[in-house]
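2 protein chains.
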Amino acid sequence: MADDQRITPRAEDFSAWYNDVIMRAQLADYSPVRGCMVIRPRGYGIWELMQSALDRMFKDTGHENAYFPLFIPQSFLAKEAEHVEGFAPQTAVVTRGGGKELEEPLVVRPTSETIIYAMLTKWVQSYRDLPVLLNQWANIVRWEMRTRLFLRTTEFLWQEGHTAHATAEEAEQETRLILGLYRRFMEEWMAMPVITGLKTESEKFAGAVRTYACEALMQDNRALQAGTSHFLGQNFARAFGTQFQTAGGGLDYVWSSSWGVSTRLVGGLIMSHSDDIGLVCPPRLAPIQVVIVPIFRSDEERARVLAVAGGIQQALRAGGVRVTLDDRDGMKPGAKYYEWESRGVPVRLEIGPRDVEKGQAVLARRTGGKAPIPSGDGLVAAVQAVLGEIQDALLESARARRDANTVRGVSKDELVALMEGPGGFAYAGYCGDDACEKAIQERTKATTRVLPDEEFRSDPAPATCVWCGREATAEAVWARAY
Amino acid sequence: MADDQRITPRAEDFSAWYNDVIMRAQLADYSPVRGCMVIRPRGYGIWELMQSALDRMFKDTGHENAYFPLFIPQSFLAKEAEHVEGFAPQTAVVTRGGGKELEEPLVVRPTSETIIYAMLTKWVQSYRDLPVLLNQWANIVRWEMRTRLFLRTTEFLWQEGHTAHATAEEAEQETRLILGLYRRFMEEWMAMPVITGLKTESEKFAGAVRTYACEALMQDNRALQAGTSHFLGQNFARAFGTQFQTAGGGLDYVWSSSWGVSTRLVGGLIMSHSDDIGLVCPPRLAPIQVVIVPIFRSDEERARVLAVAGGIQQALRAGGVRVTLDDRDGMKPGAKYYEWESRGVPVRLEIGPRDVEKGQAVLARRTGGKAPIPSGDGLVAAVQAVLGEIQDALLESARARRDANTVRGVSKDELVALMEGPGGFAYAGYCGDDACEKAIQERTKATTRVLPDEEFRSDPAPATCVWCGREATAEAVWARAY
């Protein structure tokens, strides 16, 4: 799609709409490398704001950043049985380096547990060296057959946390701490409500004892796994011999967690809020929060309007608002409006000669609504308040949409009808048997997203499995997923 | 070297000293992957501060961050003749992906010009789309036979700027702008003085028309190329067909620059300032600027001292100082002093019961000197002033060392004696003939570092080439280099 073409409406083709929004807003582009995307500045700017917020949260909870090698000896992957089974088919393999065939091929990291535990074995000797609380910002490669911008690409950017502890309880606590932190980030920054809970055996991370996840519902009623946090037990510690002397003088393997979110979140943000005009971006993650569009007919008007607009820009910038002034010549205000709307800028300030006379600017919200505000002293606070309102309203409306598309206590027939029809989240009893999960997936393409955490569970709890009718061991949330 | 072992003195073995400093300060470690290092949190913290300062400088001059694929089709490298000749021998090549042999092998990026110009060809149509001012923070792979922590590793982290302009003049201006910005960063943040200038043909970037560089002198009198900025002319634009419609209605290829600095800078920082006790880190790049060490004998003293120490920590933190309080039990103050010194923390505050009574703390500088300061209201300002003094003194002393090891107007015999002996920067006339450069390198292992910019040149300019005696076309700086 060229920049000036129409965006396919959501109702017509959601997947085409998604790509159109990305191309029109110049968030990313296809590259000549199979399955790899280019993240353009307007998309990377969103990712940078995400990184900065998450990094602050990680550091505030005692984590430190480090960097481990991109390449992993092929034999390392094989040391943890489930891990190699899960990841080996997806790897990119370097077989030549410096003009020679390598003795041992190197895998481009699909995740870094193995290389990190090889190092922890060297660094951790005693309980005094614990906990180790590491995070890494890195690129990851997983060979994908079907790719989709941001959501599933052969290379993607992420953060991966890796922590080692003296006890299982501490590692579990860390796993849950991060899950909560992810949820907070997704709700408070992305305005994207999520359900948290436990993954079933078939959906957990290859090498984990337990995987917890945050699941969001997109506008097409498909679920997005937005972040995962794994309790790894002693699996990788045993595989790599990461032992430590306990306070009691004994010897034990460390207990671990790992957790990650990726550039996939940008896809989640787009599919949570955007509309048929283009991107809608929550103000806290908008690289440009306010665009000022001056309106004038003559050079004299231009000078007068730009003087005021420039002052407003300076005041907003001084107030910590990310603002740009669109003073391009040869482009009509209406065309500018449309362009900035499709790029998802939350607030537009229009200023013409009459506004200057009246000491006002017209504030238009990307999400609808337009009203004059005084352009004097109170302007910065007024704009900040509006940005806060938009942020809150986006979360509220995303939550209302999610809830409207959630059905609890579905029967077998209802589950099938729902998943073959409108989609959404379906809560129902689950017997805990893989066979039922598999059968449901074959019939409806829906999978268990999570066994939800307590606050999300239905009351009363479902008594029987939605599929086989046997006693339910848990409630599960089903959905078709990205 | 284990953490508790002695650091090899510089005078005994500079290279062993360098490794010992890194291991003791836990900046990095060797990985099980040939030629790849692990950057540990204390080293990564320095890199993060470097990134943040540079990123601010790039953004303040209008650059935006983006992200391009890790993999580059092998055929892309070949499109620019000098480029492929320079980089092909150093590449790591992915030949298998997703369990299958690839039709076209993928090179792990040794630099990103080719993939970026493939995209610019799509994005740039008209002079209105110019300039494009991009930067990327990324990992890079160049297969190295001899590696050294931070200075030369198969994988390293860097930023690479890539800009496209409508005219040669603008591209050249950008190249010089960035060179100046690098110099400012190296001097103001790293306290590492540099010479700037032009690289000779034999030392320039493979694919550039001209390469400018910043060159620093390490404590062993070897030069470090710390950053480069390239004027690429239309070389990559021609190779990838990156054309644009000019303001006059014609068609032209874009004019480009590229520029980068890497984690090598951490190595330069270490070798500029550190001593036989361990790391010395300039305060502006120190992840921990101040460590507070409480001194006590009894529980009662402990409580009293920690209450005051905690208050000081809070006050410093509120004042924007990066501070830690070392309240570990079971470790003597002297042992703590030594540990934090070897880790390069610029300022230590010691507080014992008598200090509490006197309303003071004892401030010790990593670079020498110890004196009490009042622990009341003025403490934060006093500490900030000391940090500023240390920063300035480090630059001054590094500059004095560099100047003391610089000889101008050397004769042929002096050049040989200098390069076979103490090393340092030697300024001399150069005829511009490759043959002389080659001969000097074969005889002395020294290379031309730069043809220095005007402010660094000798007055009067040397009249003849130091090697062949013919007329000099420029002055050159020679040194043995990393």
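Going line by line, the protein sequences match chains A and B.
All residue numbers for the first sequence refer to our numbering, where the first residue is 737 and numbers rise by one.
All residue numbers for the second sequence refer to our numbering, where the first residue is 737 and numbers rise by one.
We treat Cβ as the ideally placed atom computed from N, Cα and C, and that holds for glycine.
The model shown is predicted, which means the values in this text are computed figures rather than measured ones.
Terminal residues of the alpha helix (DSSP H) in which residue i lies
i                  : result
Ala874 of chain A  : Careful: Ala874 of chain A lies outside any alpha helix (DSSP H), inside the beta strand (DSSP E) at 868–877.
Ser1008 of chain A : 1000–1009
Thr1254 of chain A : Since the displayed chain A opens at 737 and closes at 1218, residue 1254 of chain A lies outside it and no answer follows.
Leu856 of chain A  : 849–859
Phe892 of chain B  : Per DSSP, Phe892 of chain B belongs to no alpha helix (DSSP H); it is in the beta strand (DSSP E), 891–901.
Ile758 of chain B  : 750–760
Phe823 of chain B  : 817–823
Met1155 of chain A : 1148–1156
Pro1069 of chain A : 1069–1078
Limits of the unbroken beta strand (DSSP E) element including residue i
i                  : result
Leu1123 of chain A : It is not in any beta strand (DSSP E) - Leu1123 of chain A instead sits in the alpha helix (DSSP H) that spans 1115–1140.
Ile1048 of chain A : Where Ile1048 of chain A is concerned, there is no enclosing beta strand (DSSP E), although the alpha helix (DSSP H) it sits in stretches over 1035–1054.
Glu988 of chain A  : In the sequence on display, residue 988 of chain A carries Asp and not Glu. Residues 987–989.
Gly831 of chain B  : Contrary to the premise, residue 831 of chain B reads as Thr rather than Gly in this sequence. 828–833 is the extent of the beta strand (DSSP E) around Thr831 of chain B.
Leu1099 of chain B : 1096–1101
Val930 of chain A  : Per DSSP, Val930 of chain A belongs to no beta strand (DSSP E) and is neither H nor E.
Glu1191 of chain B : First-last for Glu1191 of chain B: undefined, no H or E at that position.
Lys940 of chain B  : From DSSP, Lys940 of chain B is part of no beta strand (DSSP E); its letter is neither H nor E.
Phe1032 of chain A : Segment: none, Phe1032 of chain A is in no beta strand (DSSP E) and carries neither H nor E.
Gln979 of chain B  : 979–981
Whole-angstrom C-beta distance between residue j and residue i, which should lie under 8 Å
i                  : j                  : result
Val1041 of chain A : Ile1087 of chain A : 6 Å
Tyr803 of chain B  : Ile775 of chain A  : 4 Å
Leu893 of chain B  : Asn875 of chain B  : 6 Å
Ile758 of chain B  : Pro1023 of chain B : Going by Cβ atoms, the distance from Ile758 of chain B to Pro1023 of chain B rounds to 15 Å, so no, they are not a contact pair.
Ser965 of chain B  : Thr911 of chain B  : 5 Å
Ala1140 of chain B : His1009 of chain B : Not a contact, Cβ separation roughly 16 Å.
Glu1211 of chain A : Gly1165 of chain A : 6 Å
His819 of chain A  : Asn871 of chain A  : With 8 Å as the limit, His819 of chain A and Asn871 of chain A do not qualify as a contact, their Cβ atoms being about 20 Å apart.
Leu960 of chain A  : Tyr1218 of chain A : 5 Å
Under 7 Å by beta carbon: chain A residues contacting residue i
i                  : result
Pro809 of chain B  : Pro768, Val769
Trp894 of chain B  : Under the 7 Å cutoff, chain A gives no residues; its nearest Cβ is about 12 Å from Trp894 of chain B.
Ala854 of chain B  : Pro768
Ser879 of chain B  : For the sequence presented, residue 879 of chain B should be read as Trp rather than Ser. Ordered by position in chain A, the residues that pass the 7 Å Cβ test against Trp879 of chain B are Gly833, Gly834.
Ile1024 of chain B : Within 7 Å Cβ-Cβ: nothing; Ile1024 of chain B doesn't reach chain A, min ~12 Å.
Residues that residue i contacts on chain B, provided the C-beta gap is smaller than 8 Å
i                  : result
Leu842 of chain A  : Val769, Ala828
Gly1088 of chain A : Correct list: empty, because the minimum Cβ distance to chain B is about 25 Å.
Ile1028 of chain A : None at all; the shortest Cβ gap to chain B is about 18 Å.
DSSP beta-bridge partners of residue i
i                  : result
Asp765 of chain B  : B:Val774
Val1026 of chain A : A:Val1059, A:Val1083
Thr947 of chain A  : A:His966
Phe1161 of chain A : A:Thr1142
Trp1214 of chain A : A:Ala1162, A:Thr1184
Leu842 of chain B  : B:Pro809, B:Val830
Glu1207 of chain B : B:Thr1200
Pro1110 of chain B : B:Gln1096
Lys836 of chain A  : A:Gly833
Arg888 of chain A  : A:Arg884
Tyr803 of chain B  : A:Ile775
Gln961 of chain A  : A:Glu951
Amino acids of chain B, ordered along the chain, whose beta-carbon sits closer than 9 Å to that of residue i
i                 : result
Pro825 of chain A : Gly834, Gly835
Contact set between residue i and chain A, taken where Cβ atoms lie within less than 8 Å
i                  : result
Glu891 of chain B  : Pro805, Leu806, Phe807
Ile743 of chain B  : Within chain A, no residue comes near Ile743 of chain B; the closest Cβ sits about 19 Å away, beyond 8 Å.
Ile1048 of chain B : Those within 8 Å of Ile1048 of chain B in chain A number zero; the least Cβ separation is about 21 Å.
Residue i: contacting residues in chain B (beta-carbon distance under 7 Å)
i                  : result
Ile1176 of chain A : The contacting residues do not exist; Ile1176 of chain A stays about 28 Å from chain B at best.
Ile1109 of chain A : Result: empty, since nearest Cβ-Cβ is about 29 Å, beyond 7 Å.
is_contact[residue i, chain E] using C-beta, thresh 8 Å
i                 : result
Gly822 of chain A : Among the chains of the structure shown, chain E does not appear; the protein chains present are A and B.
For the stretch 754–786 of chain B, list every residue whose C-beta sits within 7 Å of some C-beta in chain A, in sequence order. Cβ contacts with chain A come from Asp765, Ser767, Pro768, Val769, Cys772, Val774, Ile775, Arg776, Pro777, Tyr780, Glu784.
Members of the stretch 794–805 of chain A that neighbour chain B once the beta carbon cut-off is set at 8 Å: For the stretch 794–805 of chain A, the set of residues with a beta-carbon nearer than 8 Å to any beta-carbon of chain B comprises Glu800, Asn801, Ala802, Tyr803, Phe804, Pro805, in chain order.
Select from the stretch 866–877 of chain A all residues with a C-beta closer than 8 Å to any C-beta belonging to chain B, and list them in chain order. Listed by position, the residues of the stretch 866–877 of chain A near chain B (Cβ gap below 8 Å) are Leu870, Ala874, Asn875, Val877.
Using a beta-carbon distance cut-off of less than 7 Å, what residues from the stretch 905–931 of chain A approach chain B? So nothing in the stretch comes that close.
Can you list, in chain order, the residues of the stretch 986–1012 of chain A whose Cβ is nearer than 8 Å to any Cβ on chain B? Taking 8 Å as the Cβ-Cβ cut-off against chain B, none of the residues of the stretch 986–1012 of chain A qualify.
Positions along the stretch 1118–1142 of chain B whose CB lies within less than 9 Å of some CB in chain A: The stretch 1118–1142 of chain B vs chain A, Cβ under 9 Å: nothing.
Check each residue of the stretch 1029–1043 of chain B: if its Cβ is closer than 8 Å to any Cβ of chain A, include it; give the result in chain order. Answer in chain order: no residues at all.
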